[in-house]
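Inspection log for the structure reproduced underneath, given as structure tokens.
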Amino acid sequence: MAIEQEEWVPLTGLGKQVARGEIASIDEVLDSGKPIKEPQIVDAFLPDLEDEVLDI
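Residue numbers for the sequence shown, in this note's numbering: 24 to 79.
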């Protein structure tokens, strides 16, 4: 199932840095210590990341 994604307009400082290319990897994002408040930040570095829900 393909999900259409709209163009991302970053709202946070961290998001703006990622969009401008000032941060080049997810490791830099995590090392910054700043909270990731926009899911598109993760999507920018890990576009094929999927999640699964396991009911126990």
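Just so you know, even glycine gets a beta-carbon here, dropped at the ideal spot from N, CA and C.
This one's a predicted model, so the numbers in the text were calculated from it and none came from an experiment.
Checklist entry - Grouping DSSP H, G and I as helix and E and B as strand, with all else coil, what is proline 62? => result Sequence index remark: in the sequence shown, residue 62 carries index 39 (1-based). If DSSP states are grouped into helix, strand and coil, proline 62 belongs with the helices.
Checklist entry - Beta-carbon separation of glycine 44 and glutamate 61 under 9 Å? => result As a first step, residue 44 is located in the sequence shown; it is residue number 21 there, counting from the start. As a first step, residue 61 is located in the sequence shown; it is residue number 38 there, counting from the start. Going by C-beta atoms, glycine 44 is not nearer than 9 Å to glutamate 61.
Checklist entry - Does the Cβ-Cβ distance between valine 76 and isoleucine 64 come in under 9 Å? => result Along the sequence shown, read from residue 1 onward, the residue named residue 76 stands at position 53. Along the sequence shown, read from residue 1 onward, the residue named residue 64 stands at position 41. Pairing valine 76 with isoleucine 64 gives a Cβ-Cβ distance that is not under 9 Å.
Checklist entry - How far does the alpha helix (DSSP H) with glutamate 51 in it reach, from first residue to last? => result In the sequence shown, counting from the first residue as 1, residue 51 sits at position 28. In the DSSP assignment, glutamate 51 falls within the alpha helix (DSSP H) that extends over 49-55.
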